[in-house]
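Novice:
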Amino acid sequence: MDRASSAGRFARGEPASGATKSSEALAPAGEAVPSRGARGGEKRLVAVAGPHMGTEFRLTGTGVAQVIGRDPANGVALPGDTKASRAHARVSGSGGAGWIVEDAGSTNGTFVNGQRVTRQELVSGDTILIGTTALRFE
17 MDRASSAGRF
27 ARGEPASGAT
37 KSSEALAPAG
47 EAVPSRGARG
57 GEKRLVAVAG
67 PHMGTEFRLT
77 GTGVAQVIGR
87 DPANGVALPG
97 DTKASRAHAR
107 VSGSGGAGWI
117 VEDAGSTNGT
127 FVNGQRVTRQ
137 ELVSGDTILI
147 GTTALRFE
């Protein structure tokens with residue numbers, strides 16, 4: 017066992033009892049661990065409630081609107097959500113202007129943080145409700 021190494025305590029190439037590899041360091045209880053999937057300017061929607069819970073949708077670069085809705089051909093496809101319109105809303109980003117969600121004339125409306133919207137700028141952590149699917153913007 018290596019007790020004096022500046023790299024930590026290891027036994028047979030593995031961290032000794034009570035130690036962790038730096039790549040496996042744990043966040044304090046209650047704090048989120050950053051996702052390895054979203055880098056720098058990359059954004060995503062994560063389904064946090066509804067029939068698609070746990071699904072992650074990566075958003076494409078700036079200037080490209082992605083349709084959110086029940087149609088399987090959509091960039092953010094929610095085919096199992098019967099309360100979502102086929103083309104329910106659009107989400108798009110542009111360099112300095114940030115990311116926007118716009119309702120596409122849906123029957124049941126688009127909600128951001130519990131408020132019905134027609135067009136809304138998004139900030140990280142916002143929750144978008146499309147039908148019965150809640151999507152967190154990250």
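Start counting at 1 in the sequence shown, then tack on 16, and there's your number in this note's numbering. We treat Cβ as the ideally placed atom computed from N, Cα and C, and that holds for glycine.
Could you give the C-beta distance for L75 and G85, rounded to a whole number, given that I count them as a contact under 8 Å?
Specialist: Locating residue 75 in the sequence shown gives position 59, where the first residue counts as 1. Locating residue 85 in the sequence shown gives position 69, where the first residue counts as 1. Actually they are not in contact, since the Cβ atoms of L75 and G85 sit about 15 Å apart, beyond 8 Å.
Novice: Got a sec? Which residues, its chain only, sit under 6 Å from G114 by beta carbon, not counting five neighbours each side?
Specialist: On the sequence shown, position 98 is the one that residue 114 refers to. Closer than 6 Å at the Cβ level, and outside the excluded window around G114, lie E137.
Novice: For the candidate residues D87, G96, V92, whose alpha-carbon lies nearest to that of F153?
Specialist: The count along the sequence shown starts at 1 and reaches residue 153 at position 137. Comparing alpha carbon positions, the residue from D87, G96, V92 closest to F153 is V92.
Novice: Is L138 helix, strand or coil by DSSP?
Specialist: Mapped onto the sequence shown, residue 138 falls at position 122. In the structure shown, L138 sits in a strand (DSSP, three-state: E or B).
Novice: With DSSP collapsed to three states, give me the class of G114.
Specialist: By one-based count along the sequence shown, residue 114 stands at place 98. Strand, per DSSP.
Novice: Put D87 into one of helix, strand or coil per three-state DSSP.
Specialist: Your numbering for residue 87 matches position 71 in the sequence shown. Coil, per DSSP.
Novice: Taking just the CA atoms, how far does S108 sit from S39?
Specialist: Locating residue 39 in the sequence shown gives position 23, where the first residue counts as 1. Locating residue 108 in the sequence shown gives position 92, where the first residue counts as 1. The predicted position of S39 is uncertain, since its pLDDT is 34 and thus under 50; a value taken from the coordinates is nonetheless stated next. Rounded to the nearest whole angstrom, the CA to CA distance from S39 to S108 is 33 Å.
Novice: So A100 and A120 are supposed to be a Cβ contact under 8 Å. How far apart are they, rounded?
Specialist: The sequence position of residue 100 within the sequence shown is 84, counting from 1. The sequence position of residue 120 within the sequence shown is 104, counting from 1. Their Cβ separation, rounded to whole angstroms, is 11 Å, which puts A100 and A120 out of contact at 8 Å.
Novice: Exposed or buried, what is V117 when buried is set at 16 or more other beta-carbons lying within 10 Å of its beta-carbon?
Specialist: Residue 117 sits at position 101 when you count from the first residue of the sequence shown. Buried: at least 16 other Cβ atoms inside 10 Å.
Novice: Can you tell which of S140, I144, V139 has the C-alpha that lies nearest to the C-alpha of R132?
Specialist: Counting from one through the sequence shown, the residue named residue 132 turns up at place 116. Measuring from the Cα of R132, the nearest candidate turns out to be I144.
Novice: Of the choices F127, S110, G70, whose alpha-carbon is the least far from that of I146?
Specialist: Position 130 of the sequence shown, counting from 1, holds the residue named residue 146. Measuring from the Cα of I146, the nearest candidate turns out to be F127.
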